[in-house]
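Engineer: Residues 510 to 1463, numbered by the numbering used here, are exactly what the sequence shown covers, in order.
The beta-carbon is built from N, C-alpha and C at its ideal position, and this holds for glycine as well.
Handing you a structure now.
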Amino acid sequence: MSFYRMIPHALNSLHSCSSMLMHRAPCLLFLPTMWIVLLWACASIGPPAQVQGAMIASRSDVLKQDNTEVTKSRPMKKRSTNTEKVEVYSFEVACTVTSRFAHTIITSKALNKAANSQEISFEVELPKTAFIANFVMEIDGQNYAGNVKEKEKAKTQYEKAVSKGQSAGLIEVSGRKMEKFTMSVNVAAGSNVTFILTYEELLKRTMGQYEILTRIKMKQPVERFKIAVDIYEPQGLAFVQATTTFASNELLPLIEKTTTATKAHITFSPTAEQHQCLQCPQELINGDFIVKYDVKRVKGFGEIQIVNGYFVHFFSPPGLARVPKNVVFVIDKSSSMWGTKLMQTKEAMQSILNEIHEDDHFTITEFESSNVYWREQLTRATKQSVSEAINYVKSIRAQGGTNINGAVLSAVHTLKKGREEKTFPERSVDMIILLTDGMPNIGTKNIWEIQENVRTAIGGKMSLFCLGFGNYVEYSFLDVMSRENKGIARRIFTGSDAAIQLKGFYEEVSSPLLSEVEMRYPDNAVSSLTETQYSRLFNGSEIVVAGRLNDSFMDNFLVEVSGQGAEGEIHEQGKAGVLSWDMVYPEEEYIFGDFTERLWAYLTIQQQLEKSGIASEQEKDQALAKALSMSLRYNFVTPLTSMVVTKPETEKTFIADKLTEDQRQNVELGRNPPDLNQRKPASNRVQGNGNPPDLNQRKPASNRVQGNVDGDPHFMIELPDRGDALCFNINDKPGTIYNLVKDKKSGFFVNGQIIGKKKFSADAKNNTYFGRFSVNHQKLGVKLDVSIDDILVFNNGKQIRLKWSDAASIKEASLVLRLTNNCTLTVMLRHSVKFMIIKHTKIWKKHHFQQDYLGFYTLDSHHLSSTVHGLIGQFYHGVEFELTDLYPGEFGERLDAVMYIKGQTLNVTRHLEKDFSRDVKIGKDVLCWFVDDNGKGFIDGSPSDYIVPNLFNF
């Protein structure tokens, strides 16, 4: 839906940093407001909001390199804002579903009632599976439309806009299923603006129903507010339900539903007064409007719709008996699964085992460095065996590394052995369900070699389903491995409902009805078909095929469907007739248009994108070229295209992109989304000299390792590849200077000096901190001297002194620096490194004194050489370790373990530390493995080896 904000043209003055009692508190940074174009199906409606320090900027343009002088921000007077100066007077959502293909138009209108121009913003959330098809702004009768372009061309236009000081839109991920689209425009006094966004998607049948979700976040009452959903299903409607997550008792009667045999009309249209809850008048509507439905089904070859020379074939016949399955559950119990993740996994497994069908056969293998079976052979799901399996699951404990290759290959061998020994029925399907939360770090670590090993071992004879738990799992690795082996991958998000997600996925695949399904059509009658072969049809799902139909065969269209069922081979065939939509819906105008053609295009693009991930290099190029061509032809925003919107008057360029699941994960982790067209060696296959690519050819270190030191002083090495971190403290007397980073090849060095508490206490622990950092890049001629008092910058013979109370920026060829008001210093050195230094203030209210100190955070180090060293630098290119013998610590709350690292065996403890680089106000909690004794065993040598005689000794 839409969200309106009014941006005062004058910037508010920046606030000073605040301190927190008895807590390390970094200065609070007020970032400039970022206006971005995004994707999703939800809406916020709100009054104009006062924006402090508002400006049009994107996070990526903060450190763009160009030649500019130092600039300092000047506080400007605060400007009052009347929230009634912008009136949002209309908001409508119109969704038309025609044979499962949903076409949604969101229209929002506002009037600028102020005496001067105002910036008004439109914010929308839509399903991540939808493609944006159109966006238009209407201002005083003039239309400004978005243009869909190839992503590379749109990127060029984006870069030109940034180089001219103009801003561009960004993608924002919104939750698990949604994406956000935001647009703002300057509207003259007394003028109207209308935003119109159109998106389309093919509804997927899951657990026996289709779902249409509209999210509403209202910020102010709207005079004309309406959601309307029209469903046209000539096959006949089985049921239609409309619910909300926000409707109170007085709002429920406002949901009106009218249904006939083949049509449903649902509306929700509260008045402005009804937008508020009677029991909570300060709250407006905030939640989801959900419509669920299914269609009637008949036995046979399914349902065919033919319109304007294109056909769509839906196949999900009723009454099929379920096929027994033989499943090996492969459960990751490595050390990173310890705690909530393993607890939720065991909770889900107990529910799954209680519901497993008595005709199924199953076993469980838990794995870390090696794998162990509950039972070596698959066992029929009797009450006794299920009970014993549940008790076994309860006993699983986390420890060790992650040997995915060994565990999956072992599961394949177990299923093959069962087939050879005829342990389970001939007419049954074999599947492996793998649950893991990390990357392989034991045994075979090369992901492409693992994929090749698994594909060769399975040989098309069973399905592999992969569940990736948490943010740090390499989803693309699991996704490719699943699709290459007749399965699918699914991300399991960390949260209180993780067990429900696991159980829900199992329910989707727990009842196979058919295997090796093939849909056949006369060769001379059809062309440009979507996929016609499917490895499985599960209960509650649906197979959809679409294509072009030659005109001469429209009256004689033969269809055949075959597959393997519980009672043997099935074979259905028949002649599909042309449906007259005017006769089915005689009272409707012809609103259906080219829906079959656009459905065919949508489905083709989706399947070509999926194919590109597992195809050979040549096939990948062909698949991407076809997907791109169709995306442009049908004006769809897909992972290969972008919608470019140029704002009137200012000509500022905004871009709407579409992210893959892998790219969404990178955004969630704060990484730059990877290029979809970036090549993977040998298209994930072993080719050339027969040697697979080396897993140690890591992505840039900026995405992999972040070395930090903060606090008193806490060193933390974050390893996103493993979803883990290492931490240690180094305590020394004030005045001691340590080398943190030393890279002789690139000429980059960082030293840090220890300071003590201002107030010394003979009876208490006297903590030490880092109070001064020196940074030197010899080749670039750049030096920084950063203390708790001020910042000295030396660059090519020039010297600049900055106070922490300043807000300033430097942009030169070799140096880009930004200092936010009394808070955070971010520096990027050309072709070298990017880092952040944060000033903290700690206050002891009881003793009436405070302590200032600094934290150092590495943001990007991938340009540094392989010989980089120092207390932090030695970890920039990763570190391998293995955990075992996990057990509750001495005080019961923390976990202890044994770690094998750098050829040593260490006792480590699970700690919680703060990372302030992403949230300078309160920090982000990070779990890490802590080693005592000044990092002994983690670092090379001892801390004394890193002491240097003076701050600028390099």
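By the DSSP assignment, the beta strand (DSSP E) with residue 645 in it spans what residues?
Structural biologist: Residue mapping note: residue 645 aligns to position 136 of the sequence shown, counting from 1. Counting along the chain, the beta strand (DSSP E) containing residue 645 begins and ends at 640-648.
Engineer: Using CA atoms only, rank isn't needed, just tell me which of 880, 915, 1461 and 865 is closest to residue 896.
Structural biologist: The residue given as residue 896 occupies position 387 in the sequence shown. Closest option to residue 896, Cα to Cα, is 865.
Engineer: Do three or more CB pairs link the stretch 1363-1381 to the stretch 1244-1252 at distances below 8 Å?
Structural biologist: Yes, the stretch 1363-1381 touches the stretch 1244-1252.
Engineer: How many whole angstroms separate the CB atoms of residue 1436 and residue 1421, which I take to be in contact at a CB cut-off of 8 Å?
Structural biologist: As a first step, residue 1436 must be located in the sequence shown, where it is residue number 927. As a first step, residue 1421 must be located in the sequence shown, where it is residue number 912. About 6 Å; that satisfies the 8 Å criterion.
Engineer: Less than 8 Å between the beta carbons of residue 483 and residue 709, yes or no?
Structural biologist: Nothing can be reported for residue 483: it is not among the residues displayed for the chain, which extend from 510 to 1463.
Engineer: When you compare the CB positions of residue 877 and residue 932, do they come within less than 8 Å of one another, or not?
Structural biologist: If you number the sequence shown from 1, residue 877 lands on position 368. If you number the sequence shown from 1, residue 932 lands on position 423. Going by C-beta atoms, residue 877 is not nearer than 8 Å to residue 932.
Engineer: Once the 5 residues before and after residue 460 are set aside, which same chain residues still bring their CB inside 6 Å of it?
Structural biologist: Since the displayed the chain opens at 510 and closes at 1463, residue 460 lies outside it and no answer follows.
Engineer: Let me check understanding here. Comparing Cα to Cα, which of 712, 736, 651 and 605 lies closest to residue 700?
Structural biologist: One-based indexing of the sequence shown puts residue 700 at position 191. Measuring from the Cα of residue 700, the nearest candidate turns out to be 651.
Engineer: Helix, strand or coil for residue 814? Go by DSSP, reduced to three states.
Structural biologist: Against the sequence shown, residue 814 aligns to sequence position 305. Strand.
Engineer: According to DSSP, is residue 1382 helix, strand or coil?
Structural biologist: As a first step, residue 1382 is located in the sequence shown; it is residue number 873 there, counting from the start. It is helical.
Engineer: Assess contact between the stretch 766-774 and the stretch 627-638, defined as three or more Cβ pairs (one per stretch) separated by less than 8 Å. Is contact present?
Structural biologist: No, because fewer than three Cβ pairs between the stretch 766-774 and the stretch 627-638 fall closer than 8 Å, the two stretches do not touch.
Engineer: Would you identify the three-state DSSP class for residue 1130, choosing helix, strand or coil?
Structural biologist: One-based indexing of the sequence shown puts residue 1130 at position 621. Three-state DSSP puts residue 1130 in a helix.
Engineer: In chain order, what are the residue ranges of uninterrupted beta strand (DSSP E) at least 3 long that sit wholly in the stretch 819-855?
Structural biologist: You should have 819-824 and 834-841.
Engineer: Run through DSSP, which three-state label would residue 627 get?
Structural biologist: For this step, residue 627 is matched to residue 118 along the sequence shown. Here residue 627 sits in strand by DSSP.
Engineer: Residue 840: beta carbon under 7 Å from a heavy atom of the ligand ATP?
Structural biologist: The ligand ATP is absent from the structure shown, which contains no ligand whatsoever.
Engineer: DSSP three-state label for residue 1024, please.
Structural biologist: Working through the sequence shown from its first residue, we reach residue 1024 at position 515. Residue 1024: strand per DSSP, three-state reduction.
Engineer: With a threshold of 8 Å, are at least 3 pairs of Cβ atoms found where one atom belongs to the stretch 855-870 and the other to the stretch 1007-1025?
Structural biologist: With a cut-off of 8 Å, the stretch 1007-1025 and the stretch 855-870 count as touching, because enough Cβ pairs lie within range.
Engineer: What did DSSP end up calling residue 598 once you bin it into helix, strand or coil?
Structural biologist: Against the sequence shown, residue 598 aligns to sequence position 89. In this structure, residue 598 counts as strand in the three-state DSSP scheme.
Engineer: For residue 986 and residue 963, I'd like the C-alpha separation in whole angstroms.
Structural biologist: As a working note, residue 986 is residue 477 in the sequence shown. As a working note, residue 963 is residue 454 in the sequence shown. Taking the straight line from one Cα to the other gives about 12 Å.
Engineer: For residue 687, does the count of other Cβ atoms within 10 angstroms reach 16, so buried, or fall short, so exposed?
Structural biologist: For the purposes of this step, residue 687 is taken as the residue at position 178 of the sequence shown. It is buried - the Cβ of residue 687 has at least 16 other Cβ atoms within 10 Å.
Engineer: For the structure I just gave you, are there three or more beta carbon pairs, one from the stretch 801-812 and one from the stretch 1030-1048, closer than 8 Å?
Structural biologist: Flag = no, the stretch 801-812 and the stretch 1030-1048 do not touch.
Engineer: Got a sec? Which residues, its chain only, sit under 6 Å from residue 714 by beta carbon, not counting five neighbours each side?
Structural biologist: Taking the first residue of the sequence shown as position 1, residue 714 is located at position 205. Excluding sequence neighbours, residue 714 sits near 1050 and 1051.
Engineer: Give me whichever residues DSSP pairs with residue 1457 in a beta bridge.
Structural biologist: Numbered from 1 along the sequence shown, position 948 holds the residue referred to as residue 1457. Partner(s): none; residue 1457 has no beta bridge.
Engineer: From which residue to which residue does the alpha helix (DSSP H) around residue 1444 run?
Structural biologist: Within the sequence shown, numbered from 1, the residue matching residue 1444 stands at position 935. Where residue 1444 is concerned, the enclosing alpha helix (DSSP H) stretches over 1441-1444.
Engineer: State the Cα-Cα distance for the pair residue 1494 and residue 760, rounded to the nearest angstrom.
Structural biologist: This structure cannot speak to residue 1494, because the chain is shown only from 510 to 1463.
Engineer: If you draw a straight line from the C-alpha of residue 1339 to the C-alpha of residue 975, how long is it?
Structural biologist: Taking the first residue of the sequence shown as position 1, residue 1339 is located at position 830. Taking the first residue of the sequence shown as position 1, residue 975 is located at position 466. Their Cα atoms are separated by approximately 41 Å.
Engineer: Taking buried to mean at least 16 other C-beta atoms within 10 Å of its own C-beta, is residue 934 buried or exposed?
Structural biologist: In the sequence shown, the residue the question calls residue 934 occupies position 425. So residue 934 counts as exposed.
Engineer: Quick check: residue 1364 and residue 1352, are their CB atoms within less than 8 Å of each other?
Structural biologist: Working through the sequence shown from its first residue, we reach residue 1364 at position 855. Working through the sequence shown from its first residue, we reach residue 1352 at position 843. Contact: no.
Engineer: Is the stretch 833-841 in contact with the stretch 1023-1033, if contact means three or more CB pairs nearer than 8 Å?
Structural biologist: With a cut-off of 8 Å, the stretch 1023-1033 and the stretch 833-841 do not count as touching, because too few Cβ pairs lie within range.
Engineer: Just to check my reading of the structure: residue 1307 and residue 1255 have Cβ atoms closer than 8 Å, yes? What is that Cβ distance to the nearest angstrom?
Structural biologist: Residue numbering aside, residue 1307 sits at position 798 when the sequence shown is read from its first letter. Residue numbering aside, residue 1255 sits at position 746 when the sequence shown is read from its first letter. The pair is not a contact, with the Cβ atoms about 22 Å apart (cut-off 8 Å).
Engineer: Decide yes or no for the touch test of the stretch 1141-1150 against the stretch 1110-1126: beta carbon pairs closer than 8 Å, at least 3 of them.
Structural biologist: They touch, by the three-pair rule.
Engineer: Entirely within the stretch 969-1049 and at least 3 residues each: give me those beta strand (DSSP E) ranges in chain order.
Structural biologist: Fully enclosed beta strand (DSSP E) runs of 3 or longer: 972-978, 998-1001, 1021-1029 and 1042-1047.
Engineer: In three-state DSSP terms, what is residue 806?
Structural biologist: Taking the first residue of the sequence shown as 1, we reach residue 806 at position 297. Three-state result, residue 806: coil.
Engineer: Whose CA, out of 1313, 1291 and 1359, lies closest to the CA of residue 1337?
Structural biologist: Residue numbering aside, residue 1337 sits at position 828 when the sequence shown is read from its first letter. When each option's Cα is compared against that of residue 1337, the closest is 1291.
Engineer: Alpha carbon to alpha carbon, how far is residue 1259 from residue 1285? Give it in angstroms, no decimals.
Structural biologist: Here residue 1285 refers to the residue found at position 776 of the sequence shown. Here residue 1259 refers to the residue found at position 750 of the sequence shown. Cα-Cα distance, rounded: 7 Å.
Engineer: Given this structure, state the Cα-to-Cα distance separating residue 869 from residue 954, to the nearest angstrom.
Structural biologist: Taking the first residue of the sequence shown as 1, we reach residue 869 at position 360. Taking the first residue of the sequence shown as 1, we reach residue 954 at position 445. When rounded, the distance between both Cα atoms is 33 Å.
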